[in-house]
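Q:
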Amino acid sequence: MSTIKSLDDLKKIREEALKKQQIKESSGKTEVIVGMGTVGIAAGARETLKAILETIEKENLSDIIVRQTGNIGLDSYEPIVQVAVSGKDKVSYGKVNPEMAQRIIKEHVVEGEIISEYQIKG
Amino acid sequence: MAYFRSHVLVSIDPICIDKGAYELIDALHDELVKQGLIDEVQVLETSRIGDPESEGPDLMVYPEGVHYTNLSLEDVPFLVEEHFLKGRIAAQYTREAKEIADKELSAPQAKEMRIVLKNVGEIDPLNIEEYIARDGYMALGKVLTEMTPEETIQEVLESGLRGRGGAGFPTGLKWRFIRDAEGDQKYMICNADEGDPGAFANRSVQEGDPHSVVEGMIIAAYAAGASQGYIYVRAEYPIAVRTMRIAIDQARSFGLLGDNILGSDFSFDLDVRMGAGAFVCGEETALMASIEGKRGEPRPRPPFPAQKGLWHNPSNINNVETFAIVPQIILNGAMWFANIGHEKSTGTKTFSMAGDVKNTGLIEVPFGITLREIIYDVGGGIKEDKKFKAVQTGGPMGGCLPEEFLHLPMDYEALEQAGSILGSGGLVVMDEDTCMVDIARFFMEFTQEESCGKCTPCRIGTRRILEILTRICEGKGKPEDIVTLRLLCEQINENSLCGLGKGAPNPVKSTLDHFLDEYEVHILEKRCPAKICKPLIRFEIIDGPCTGCTLCARNCPVDAIFGERRQTHVIDPDICIKCGICEQICPYDAIEIK
Amino acid sequence: MSVLVKNGQNVRNIVRALVEEKGREKSELIPILQDINGQFGYISDEAIKELSERMNIPGSHIYSVATFYRMLSTEPRGEHVIQFCESAPCHVAGGRLVWEKLKQELGLEKGETSDDEKWTLLTTSCLGVCGVGPVMIVDNNIYGNVTPEQVPGILSQYN
């Protein structure tokens, strides 16, 4: 990690970070994002995350990035899991329990089928 | 490289191309050149953001996240003038959508506008690079290389930004006070002691986008001439504490905190201090006492913290949200911010929605939106489609407002005139089943317990109010209680030392003003119309619906329910503690509250 | 004192080490008290005495600070500490019934510790997760959307 000593350094780091993101987006990898703020955790996000990781391991899946984010504000829908298959928009799932998480990995991530009954809609 | 204050993303999926996306990009470009904005607004191509039903190409404008749709080439000059020159959203072209990312989530939040929450729920809060990729720390770069501290203060002043902790004092002015104060050691403090029940915006920002707070604090410290900062986070928020600590460590290792930041001669460092569970520490003088290792008791002002704050040195305290907004103002300009909002309340405000509203959670809307829009359009209305009764704004020091106030535009002044406060942006929505006397008693219990005890009006006064309210809820109220309550409210408000005491009577005063009939029924008829106050209700099993399933009898914690299997059961009122468990579990709705 | 025996460590040694680590500045008093509270569940007279000597702060001041803050305790607490959110949003969202059930399951009132020193039942001020209320914390684990029916199941995880 390099120390930022000037504005140019900062811009360089921003460019690199953007590039990293682009590479990630075009790599064909699927991102699974779990809201891990206090609300998410109180609603059971840890169990959900655990189920996601276990399913990925059990199914021997690769090229999946699991990462966390804060709570977007839709507390009544927590735990929220977002899936972004590269090149496609993020799909948000609400009230995801471990069983649903398993299905999301198997059906959406692996087979590309969005599970619309779990989706958060207006 | 130029700083773009806005980014226009034009959707170039096949549908939009077919509908003229490329022509739109050209037209936008030409118009931006014509209006002299081409160095400030960047036009980019992006993947699909529209929906197939859209008539024309779609575009998104960031940082506001406004989604325009059905645009024809003729609309472009007007749109550019309105949005980019005058900084107003051209409402007639917007789509009821918010962000690409949460397209499906957008409908209940059509009126939202995210500035503070722009990154929350989007980025990985533990990864500084994701923040930097979204122009993080660019505002700091701009301030340190292009602006003097005085210019920074001026920019914040012109934006009209006011303290988001609730007091609404102009932030730029506060910064000027500390800058002008004499002293070699000055402190910049972030008040993250979000103690108001029902408020959680600060927690969400700290957990979801900690670097925006860190960046805002560094900019503020530069403007104020502070070399050391503290973030005072309440201990009830362990995850926020952890996230902030990680963010500070990352910023330090990137050289964004410490000596000679970004090669400038400005040095600043930050530490996290944890509260230990005292509501009053949200008051700024109490907060500073707590950092110093003392009981968190407020002291009279003056002297103000800007003159004599932490360890008697000039200090400035702002709220988490205030700091998180600052980088956006620097990046997008004071005018951009000043054009959002309503009258003397500029920009956006987060509101924490809780209680009997369908979509609980955190929202961010421009000032000026009405309570009705927030509760019904953004919040989705009342749970189970019950009737709205009241909303308490601004935490335990706020008032309870009835339906007549739903048209109220949300801003600092309007709420104060209505007898409530904006406070920290908590909104507790209550439906028709709420007993307003019980709610007033409930809030009084809170303030009475949290009163630090230093001044008499607050310590004793809140106690007296609580005693009277408890008596009323028990059916022992006297007609003269109403007059006594009003008098106490007035006295406590006028004579208390700090904001906690001054605001403490608000829930009582507002419920007396708007729901006096409920007090009267409790006092004169010894009835609780909402059937909440335990001593005024009794539980009975109705003959018809009861099937004698024994479920209630088995679950009664005090064995107050008797009856043979398949026979109507009976509750013994002498044993019953009115816990309500039987009513909740009865599958046949056979239990009635009388 | 069971925690103490388990750790095989002496209060005074731990206090000494904490002061060594954090320094004798008065501003470190609350962080040190938080650490003591975290390790032992409460701040004993012995700890206050040692701290007073090491930091050169009157014991009365330390005591006044320790009793001022809700999250610091000068009384021993049970092995598992339950904190139930008593704030308005949780109250409105059905917290009253959960609270009744908790008291019933544990046979404790607010602020009490069970005779076998297993449980302490406390209330807490708002935890800021009102969107998923009613909320409770057991030790460091937070539970949201709690219903009265879930209470026995949650408690049984700590047996």
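The listed protein sequences correspond, in order, to chains A, B and C. Each position in the first sequence, counted from 1, maps to that position plus 155 in our numbering. Each position in the second sequence, counted from 1, maps to that position plus 64 in our numbering. Each position in the third sequence, counted from 1, maps to that position plus 7 in our numbering. Think of the CB as a built atom: it goes at the ideal place given N, C-alpha and C, for glycine as much as any other residue.
1) Can you tell me where the alpha helix (DSSP H) with B:Ser276 in it begins and where it stops?
2) For the segment 442-458 of chain B and the segment 549-560 of chain B, state whether three or more C-beta atom pairs, one from each stretch, are separated by less than 8 Å.
3) Starting from the C-beta of C:Ile161, find all residues in its chain whose C-beta is less than 8 Å away, skip the five residues before and the five after it, and write them out in chain order.
4) Can you name the residues of chain A whose CB is closer than 9 Å to the CB of B:Thr424?
5) Near B:Asn619, which residues of its chain fall below 7 Å by C-beta distance, leaving aside the five closest residues on each side in sequence?
6) Contact criterion: CB-CB distance below 7 Å. Does A:Thr203 meet it with respect to chain C?
7) Among B:Ile536, B:Pro609, B:Pro521, whose alpha-carbon lies nearest the alpha-carbon of B:Lys566?
8) Please report how far the alpha carbon of C:Thr81 lies from the alpha carbon of B:Tyr126, in whole angstroms.
9) So which residues on chain C does B:Ala299 lean against when the C-beta distance must stay under 8 Å?
10) Can you tell me the Cβ-Cβ gap for B:Ser560 and B:Gly463, rounded? I've got them flagged as a contact below 8 Å.
11) In chain B, which residues lie with their C-beta within 8 Å of the C-beta of A:Leu173?
12) Taking 7 Å as the threshold (C-beta atoms), are A:Gly225 and B:Glu271 in contact?
13) Under 7 Å between C-beta atoms, does A:Leu165 make it to chain B?
14) Is any beta-carbon of chain C found at less than 7 Å from that of A:Ala197?
15) Hey, out of B:Asp333, B:Thr632, B:Ile639, whose CA is closest to B:Asp653's CA?
16) Alpha carbon to alpha carbon, how far is B:Val180 from B:Met124?
17) Which two residues bound the contiguous beta strand (DSSP E) that contains B:Gly483?
18) Who does A:Thr224 pair with in a DSSP beta bridge?
19) Between the Cα of B:Gly23 and those of B:Gly247, B:Thr498, B:Leu530, spot the shortest distance and give me the residue it belongs to.
20) Using a Cβ-Cβ distance under 7 Å, would B:Phe318 count as near chain A?
21) Indicate whether at least one CB of chain C lies closer than 7 Å to the CB of A:Thr193.
22) Taking Cβ-Cβ distances shorter than 8 Å, what residues in chain C pair up with B:Gln648?
23) Check whether the Cβ of B:Asp188 lies closer than 7 Å to any Cβ atom in chain A.
24) Compare the C-beta of C:Gln164 against all C-beta atoms of chain A and say whether one is closer than 7 Å.
25) Please report the Cβ distance between B:Ala265 and B:Leu426, rounded to the nearest whole angstrom; I am assuming they are in contact, meaning their Cβ atoms lie under 8 Å.
26) Please classify C:Gly45: is it buried, with 16 or more other beta-carbons within 10 angstroms of its beta-carbon, or exposed?
27) Can you name the residues of chain C whose CB is closer than 7 Å to the CB of B:Cys80?
28) Examine chain C for any beta-carbon lying closer than 7 Å to the beta-carbon of B:Glu356, and answer yes or no.
29) State buried or exposed for B:Tyr86, treating a residue as buried only when at least 16 other CB atoms are found within 10 Å of its CB.
30) Mind checking if B:Arg309 is an interface residue toward chain C, Cβ cutoff 7 Å exclusive?
31) Expressed to the nearest angstrom, what Euclidean distance is found between the alpha-carbon atoms of A:Gly148 and B:Ala311?
32) Answer with buried or exposed for B:Arg527, where buried requires no fewer than 16 other C-beta atoms within 10 angstroms of its C-beta.
33) Looking at chain B, is there any beta carbon in it that lies within less than 7 Å of the beta carbon of C:Glu28?
34) Quick check: is any heavy atom of the ligand COA less than 6 Å from the C-beta of B:Ala284?
35) Counting contacts by CB-CB distance shorter than 7 Å, is C:Val136 in contact with chain A?
36) So, is the C-beta of C:Ile161 closer than 7 Å to a C-beta in chain A?
A: The answer reads as follows:
1) Start at 1 with the first residue of the second sequence, and residue 276 of chain B comes out as number 212. First-last of the alpha helix (DSSP H) with B:Ser276: 274-288.
2) no
3) Residue mapping note: residue 161 of chain C aligns to position 154 of the third sequence, counting from 1. Excluding positions up to five away in sequence, the list reads Met143, Val145, Tyr150, Val153.
4) The residue given as residue 424 of chain B occupies position 360 in the second sequence. Leu229, Asp230, Ser231, listed in chain order.
5) Working through the second sequence from its first residue, we reach residue 619 of chain B at position 555. Within the same chain, B:Asn619 has close Cβ partners Ile645, Cys646, Ile649.
6) Your numbering for residue 203 of chain A matches position 48 in the first sequence. For A:Thr203, the answer is no, since every Cβ of chain C falls outside 7 Å of its Cβ.
7) Numbered from 1 along the second sequence, position 502 holds the residue referred to as residue 566 of chain B. The shortest Cα separation from B:Lys566 among B:Ile536, B:Pro609, B:Pro521 belongs to B:Pro521.
8) Along the third sequence, read from residue 1 onward, the residue named residue 81 of chain C stands at position 74. Along the second sequence, read from residue 1 onward, the residue named residue 126 of chain B stands at position 62. One C-alpha to the other measures close to 53 Å.
9) In the second sequence, the residue the question calls residue 299 of chain B occupies position 235. Per Cβ cutoff of 8 Å: Gln41, Met78.
10) For the purposes of this step, residue 560 of chain B is identified with residue 496 of the second sequence, where counting begins at 1. For the purposes of this step, residue 463 of chain B is identified with residue 399 of the second sequence, where counting begins at 1. About 17 Å; that fails the 8 Å criterion.
11) The sequence position of residue 173 of chain A within the first sequence is 18, counting from 1. Neighbours of A:Leu173 on chain B, chain order: Ala197.
12) Taking the first residue of the second sequence as position 1, residue 271 of chain B is located at position 207. Taking the first residue of the first sequence as position 1, residue 225 of chain A is located at position 70. It is a contact, given that the beta carbons lie within the stated cut-off.
13) Translated into the one-based positions of the first sequence, residue 165 of chain A becomes position 10. Yes - at least one Cβ of chain B is within 7 Å of the one on A:Leu165.
14) Position 42 of the first sequence, counting from 1, holds the residue named residue 197 of chain A. It does; some Cβ of chain C falls within 7 Å.
15) Here residue 653 of chain B is taken as the residue at index 589 of the second sequence, counted from 1. It is B:Thr632.
16) As a position in the second sequence, residue 180 of chain B is number 116, starting the count at 1. As a position in the second sequence, residue 124 of chain B is number 60, starting the count at 1. Taking the straight line from one Cα to the other gives about 18 Å.
17) To locate residue 483 of chain B, count along the second sequence from 1; it is residue 419. Element bounds for B:Gly483: n/a, residue is neither H nor E.
18) Working through the first sequence from its first residue, we reach residue 224 of chain A at position 69. DSSP lists A:Gly190 as partners of A:Thr224.
19) Look at the range of chain B in this structure, 65 to 658, and you will see that residue 23 of chain B is not part of it.
20) For the purposes of this step, residue 318 of chain B is identified with residue 254 of the second sequence, where counting begins at 1. Yes, its Cβ sits closer than 7 Å to a Cβ of chain A.
21) The residue given as residue 193 of chain A occupies position 38 in the first sequence. It does; some Cβ of chain C falls within 7 Å.
22) Within the second sequence, the letter at position 584 stands for residue 648 of chain B. Those are Leu104, Pro155, listed as they occur along chain C.
23) In the second sequence, counting from the first residue as 1, residue 188 of chain B sits at position 124. Yes, contact with chain A.
24) Along the third sequence, read from residue 1 onward, the residue named residue 164 of chain C stands at position 157. By this cut-off, C:Gln164 is not an interface position.
25) Along the second sequence, read from residue 1 onward, the residue named residue 265 of chain B stands at position 201. Along the second sequence, read from residue 1 onward, the residue named residue 426 of chain B stands at position 362. Right, their Cβ atoms sit about 6 Å apart.
26) Within the third sequence, the letter at position 38 stands for residue 45 of chain C. Per the 10 Å Cβ criterion, exposed.
27) Here residue 80 of chain B is taken as the residue at index 16 of the second sequence, counted from 1. Those within 7 Å of B:Cys80 in chain C number zero; the least Cβ separation is about 36 Å.
28) The residue labelled residue 356 of chain B in the question sits at position 292 within the second sequence. Chain C, which has a Cβ nearer than 7 Å to the Cβ of B:Glu356, makes this yes.
29) Your numbering for residue 86 of chain B matches position 22 in the second sequence. Answer is exposed; the Cβ neighbour count stays below 16.
30) Here residue 309 of chain B is taken as the residue at index 245 of the second sequence, counted from 1. So, not an interface residue.
31) Chain A is shown from 156 up to 277; residue 148 of chain A falls before or after that span and cannot be answered.
32) Indexing the second sequence from 1 puts residue 527 of chain B at position 463. Burial call: exposed.
33) Position 21 of the third sequence, counted from the start, is the residue given in the question as residue 28 of chain C. No, C:Glu28 lies away from the interface with chain B (no Cβ there is under 7 Å from its Cβ).
34) As far as ligands go, the structure on display features none, and thus does not contain the ligand COA.
35) As a first step, residue 136 of chain C is located in the third sequence; it is residue number 129 there, counting from the start. It does; some Cβ of chain A falls within 7 Å.
36) Taking the third sequence and counting its residues from 1, one reaches residue 161 of chain C at position 154. Taking Cβ atoms only, chain A never reaches closer than 7 Å to C:Ile161, which makes this a no.
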